[in-house]
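If you read the sequences in order, they're chains B and G. Quick note on this note's numbering: the first sequence kicks off at 1 and runs consecutively. Quick note on this note's numbering: the second sequence kicks off at 348 and runs consecutively. Scroll down for the structure; my scribbles are underneath it.
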Amino acid sequence: MSCSLNERLPKGRSLRYLSRRFAVLALTLWFAVTVNFALPRLMPGDPVQTKLATIPGISPLARRALERQFGLDTHQSIVGQYFSYLGQILTGNLGRSFTYYPTTVSSMIRQSLPWTLGMVGFATLLAAALGCSLGMVAAWRRGSAGGNRNARLDTFLVPLGVMFGATPPFWLGTLLVYFVAFKLGWFPIGGSRTPGAAGGLSGTVDVLKHAVLPAFTLTLVSLGGWVLLMRNSMLTVLNEDFVKFARAKGLSNRTVAFRYAARNAILPVFTQFAMALGIVVGGQVFIEIVFSYQGIGYWLLQGVLNEDYPLMQGIFLIITVTLLVANFLADALYVLVDPRLRVEGGK
Amino acid sequence: MSVRAVLSNPRALVGASILGFFIVIALLAPVISPYSPNDINFLVGLGPSWKHWLGTTEGGQDILSQLIWGTRTSVSVGLLTGALICLVQLVMGVFAGYVGGLTDTAFAMVTNVFLVLPALPLLIVLSAYLQGSGGSGSTLVLIGVIAITGWAWGARVLRSQSIALRNRPFVEAARISGEGRWHIVLSHIVPNMLGIMVANFFGAALFAVLAEAGLEFIGLGNINTVTWGTMLYWAQNDEATLMGLWLWLLVPGLCILLFGTALGLLNFAIDEIANPNLRRD
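What follows is the structure, given as structure tokens:
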């Protein structure tokens, strides 16, 4: 009766596990949409109406259309408004930007999303791969014989990892813009590409040059989290009997480290992928702002600064959906890497 | 978990020392600050000198005085928000895990939803609605918004701990002797997971400090209060670096980094002390 979701997970079949995760993700999506719907309506003095009145050169008819698009049709009850809003979201209609009227929010997202996915995706993978390897080696050395000499990497790496994790990304980014981009002139000061740059090879180099500093910042600030996560997980596994037994059997260090310990230690890291991803997607918002990197984080801030509610809400929704999809993929992959979830009914 | 165990751990000791240093600065701000942080009667954009150790801002304020008073606000907001998050975690994690049943299922569902919501974008959107983007928000709302977005991870960890404890004999004994649910949670469950809760508090405070600074940096706080975050906001807005005033930009961020590192070290070390698997034999 009181047995709930998380406890039953390891015993369940993969399909049940995935459908439960899917339920949570669907609920989250509904929640995000509802927050989007409810927030402007809970505010005193309706900010959307105030904003609508200030759009330059908008005809009463266009304003009426915008109101309806935003679900603010005053002829409808609040419940009616809610369902027509849900319907619009489901059909992919995110409305039009107030600031860049009549550009649709979805076209703005379509243009900026690839930049974010490319830069952030690369930095995330790099940080995860580098962080997990470092964490694994540090834990392995500390856990193995040889005393303090072998623990040196760990002693050094843990505070460093904590420090990276405590670095404000926007501050580090601003410093890099000033010292590396402005003073030294090694990289462009901002943006995601030089306006009007040629295509082909020189265009690609231009795009890469713009991505180096933001990607570096993002990798650095998220590296620490991965190191600490993997290190702790690895230390826990190294204490397990099957690892001790593998050592006692006389298996080579390499085999024990990779095939026994690391393979199991990576599992909890995988489950924490969700949180890590959330932090990365969030941190990226600040980094894009500082580097004027024109991904969705940059446009989210533009939406906030200009009180462009459709833009803001559309981007929040897209970030949420991206995160949910990534989460679901991580869960699905988890079933593949953890055989215990595939065993019928058994533990 | 005893105080001695914490003090004999080098990481915890370093973390506690840095934390103590900042708390002392925060408490002594009125005494040690050379000028008022809002005094704008100095020459603008001065470099470091004996009169102004860190120079002055583009608005003519003494940077060192701003830093000291900013420490007071940022440290208290960070620790207060951390405590508030702990309180939410106590209800959503510890209490729910103990009582089980429908309450637990519902609370766990809410926790799971908040776990996969993107924390910082949610922070930004919530603040934009509640505070507006004009920089005239209130610090209390800021604290509330950070608490709403930052509790889920810790609540999940605490819940599983609470579930592990709820059927222990001493808890059963308390239940049979007729003690109330909250009484059992507070006097039997919580003391047995104090280590993890304290570690969680420091983790939450770290999140709060970074989130506060980030929101203030992009103008979603109150730009008229003096904090590390608003100092960075003004430094960025007045183009401190282009004016050669990079100390103005460097120092508040360094404080956030140091204070955050202290919180992170304490979080890590106490987790390590409370978790036998991570200890060195």
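All C-beta atoms, glycine included, are put in the ideal place defined by N, C-alpha and C.
With respect to the 8 Å criterion, G:S509 and G:V441 are classified as neighbours on the basis of their beta carbons. Secondary structure at G:D409: strand, using DSSP grouped into helix, strand and coil.
At a cut-off of 8 Å between beta carbons, B:E67 makes no contact with chain G. Look at G:V460: its C-beta is under 8 Å from a C-beta on chain B.
Residues of the region 286-298 of chain B that bring their beta carbon within less than 7 Å of a beta carbon in chain G comprise F286, I289, in sequence order. Taking B:G295 as the centre and dropping the five residues before and after it, the same chain places the C-beta of S112, W115, T116, E288 closer than 6 Å to its C-beta, in chain order. Using a CB distance cut-off of 8 Å, G:G542 does not count as an interface residue toward chain B. Closest in C-alpha terms to G:G491, from the list G:P538, G:I471, G:S383, G:R506, comes G:I471.
Rounded to the nearest angstrom, the gap between the Cα atoms of B:L323 and G:P357 is 38 Å.
Look at the beta carbons and you see the region 567-578 of chain G touching the region 402-417 of chain G: at least three pairs across the two are nearer than 8 Å.
In the DSSP assignment, B:S222 falls within the unbroken alpha helix (DSSP H) covering 200-238.
Distance between B:R63 and B:I89, taken at the CA atoms: about 20 Å. If you draw a straight line from the Cα of B:A151 to the Cα of G:W595, it comes to about 39 Å. Judged by their CB atoms, G:A352 and G:I620 are nearer to each other than the 8 Å cut-off. Put simply, the CB of G:G611 is near chain B, with a gap under 8 Å to one of its CB atoms. Taking each of G:V438, G:A552, G:F461 in turn and checking the Cα distance to G:T450, the smallest one comes out for G:V438.
In chain order, M108, S112, L311, I315 place their CB closer than 7 Å to the CB of B:W299, counting only its own chain and leaving out the 5 sequence neighbours on each side. For B:A32, the nearest beta carbon of chain G is closer than 8 Å to its own beta carbon. Setting aside the 5 residues that flank it on each side, B:L61 has no residue in the same chain whose C-beta is closer than 6 Å to its C-beta. In terms of Cα proximity to G:F554, the closest of G:G497, G:A521, G:L375 is G:G497. For the 8 Å CB-CB criterion, G:V556 and G:F615 do not form a contact.
Ranked by Cα distance from B:I266, the first of B:L305, B:S222, B:Y101, B:L228 is B:L228. Across the set B:K51, B:I78, B:R16, the C-alpha of B:I78 shows the shortest separation from the C-alpha of B:T34. Under the three-state reduction of DSSP, B:T320 is assigned to helix. Cβ contact annotation for G:S485 (same chain, cutoff 8 Å, sequence separation greater than five): Q478, N569, in chain order.
Under the Cβ criterion of 8 Å, G:F564 is counted among the residues facing chain B.
In its chain, beyond the 5 residues on either side, A552, A555, V556 have a beta carbon closer than 6 Å to the beta carbon of G:G425. Shown here for B:G165: same chain residues with a beta carbon closer than 6 Å to its own, the five before and five after excluded, namely G224, G225 in chain order.
Taking all protein chains in view, the Cβ of B:V337 is surrounded by fewer than 16 other Cβ atoms within 10 Å, so the residue is classified as exposed.
A straight-line Cα-Cα distance of about 16 Å links B:Y178 and B:P168. Here the region 206-225 of chain B makes contact with the region 185-198 of chain B; the two share three or more CB pairs at distances below 8 Å. A straight-line Cα-Cα distance of about 26 Å links B:F242 and B:A129.
With contacts defined as CB atoms closer than 8 Å, G:Q436 and G:N547 qualify as a contacting pair. A distance below 7 Å between beta-carbons, with the five flanking residues on each side excluded, links B:M234 to the following residues of its chain, in chain order: G135, M136, A139, W140, A261, A262, A265. Excluding five sequence positions before and after B:C132, the CB atoms of its chain that fall closer than 6 Å to its own CB belong to W226, M230, given in chain order.
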